[in-house]
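Heads up: the structure comes next, in structure tokens.
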Amino acid sequence: GGFSLNNRQEMVSADGSILLDIGEPPRPLVINGSEIKINERGVVVVDGVVAGQIRLVRFADRQALRKVGVCSFQATKASGTPQKVDDVTLHQELKELSNVDPLASMVGLIEISRQYELQQKIMTSLGDVNRLAATEIAAV
48 GGFSLNNRQE MVSADGSILL DIGEPPRPLV INGSEIKINE RGVVVVDGVV AGQIRLVRFA
108 DRQALRKVGV CSFQATKASG TPQKVDDVTL HQELKELSNV DPLASMVGLI EISRQYELQQ
168 KIMTSLGDVN RLAATEIAAV
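Dropping the structure here:
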């Protein structure tokens with residue numbers, strides 16, 4: 048997904064998660080500049096100067112990670128400690144598959160459709176009431 052800057056100039060993912068630098072202890076990647084480039088190793092260059100490197104980690108047991116939100120995970124005791132990786136390649140300006148939950152989207156679409164049908168029935172009923180009132184008043 049795409050990255051942006053929050054109000055503290057920290058680089059964040061699309062869901063607002065802060066990207067961390069490779070330094071110890073981990074700290075947010077703060078960007079002060081306008082021209083941002085990220086190379087395939089995750090090195091962040093701002094206005095021609097290296098600003099940091101995106102922290103990429105791997106866990107001994109990925110299945111033991113705790114899911115947080117739609118696309119984030121949290122370490123657990125069983126998952127082990129995060130290990131830095133350098134055998135990963137980042138690609139700038141590429142789009143990945145959607146992180147949208149299709150089931151939740153379908154449920155939302157059905158709910159909206161039902162609300163639309165209900166509003167349509169209400170409008171029809173109000174039209175019938177108006178027509179009845181107009182004919183009754185005309186008959187008096």
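If you read the sequence shown in the numbering used here, its first letter stands for residue 48, the second for the next number, and so on. C-beta atoms are modelled at their ideal positions from N, C-alpha and C, and glycine is treated no differently.
From the DSSP secondary-structure annotation, give me the bridge partner or partners of residue i.
i: Met58; result: Leu52
i: Arg105; result: Gln130
i: Pro149; result: Paired residue(s): none; Pro149 is not in a bridge.
i: Arg113; result: Gln121
i: Lys168; result: In the DSSP output, where bridge partners are listed per residue, Lys168 has none listed.
i: Asp68; result: Ile101
i: Val77; result: Glu57
Which residue's Cα is closest to the Cα of residue i: the options?
i: Glu5; options: Gly174, Pro129, Leu179, Leu156; result: In the structure displayed, the chain extends from 48 to 187; residue 5 sits before or after that span and is not available.
i: Ala107; options: Val132, Ala186, Ala98; result: Val132
i: Cys118; options: Gly80, Ile159, Asp148, Leu137; result: Asp148
i: Gln56; options: Val77, Pro73, Leu66, Ile65; result: Val77
i: Phe50; options: Ile101, Pro73, Gln162; result: Ile101
i: Gly63; options: Val135, Ala98, Val115, Pro73; result: Val115
i: Asp68; options: Leu137, His138, Gly99; result: Gly99
i: Pro139; options: Glu158, Gln167, Arg88; result: Residue identity check: residue 139 is Gln in the sequence provided, not Pro. Looking at the Cα atoms, Arg88 is the closest of the given residues.
i: Pro75; options: Val59, Asp94, Ile159; result: Val59
i: Leu141; options: Ala180, Met170, Ile85; result: Ile85
Going by DSSP, what residue range makes up the alpha helix (DSSP H) through residue i?
i: Gly99; result: Gly99 -> not in any alpha helix (DSSP H); beta strand (DSSP E) instead, spanning 96–100.
Kindly list the residues whose CB is nearer than 8 Å to the CB of residue i, restricted to its own chain and excluding five residues on each side of it in sequence; keep chain order.
i: Leu112; result: Phe106, Phe120, Gln121, Ala122, Thr123, Ser126
i: Val104; result: Pro129, Gln130, Lys131, Val132
i: Val97; result: Val90, Val91
i: Ala151; result: none
Where does the unbroken beta strand (DSSP E) through residue i begin, and where does it stop?
i: Ser119; result: 119–121
i: Ile85; result: 83–85
i: Val90; result: 90–93
Near residue i, which residues of its chain fall below 6 Å by C-beta distance, leaving aside the five closest residues on each side in sequence?
i: Asn53; result: Val59
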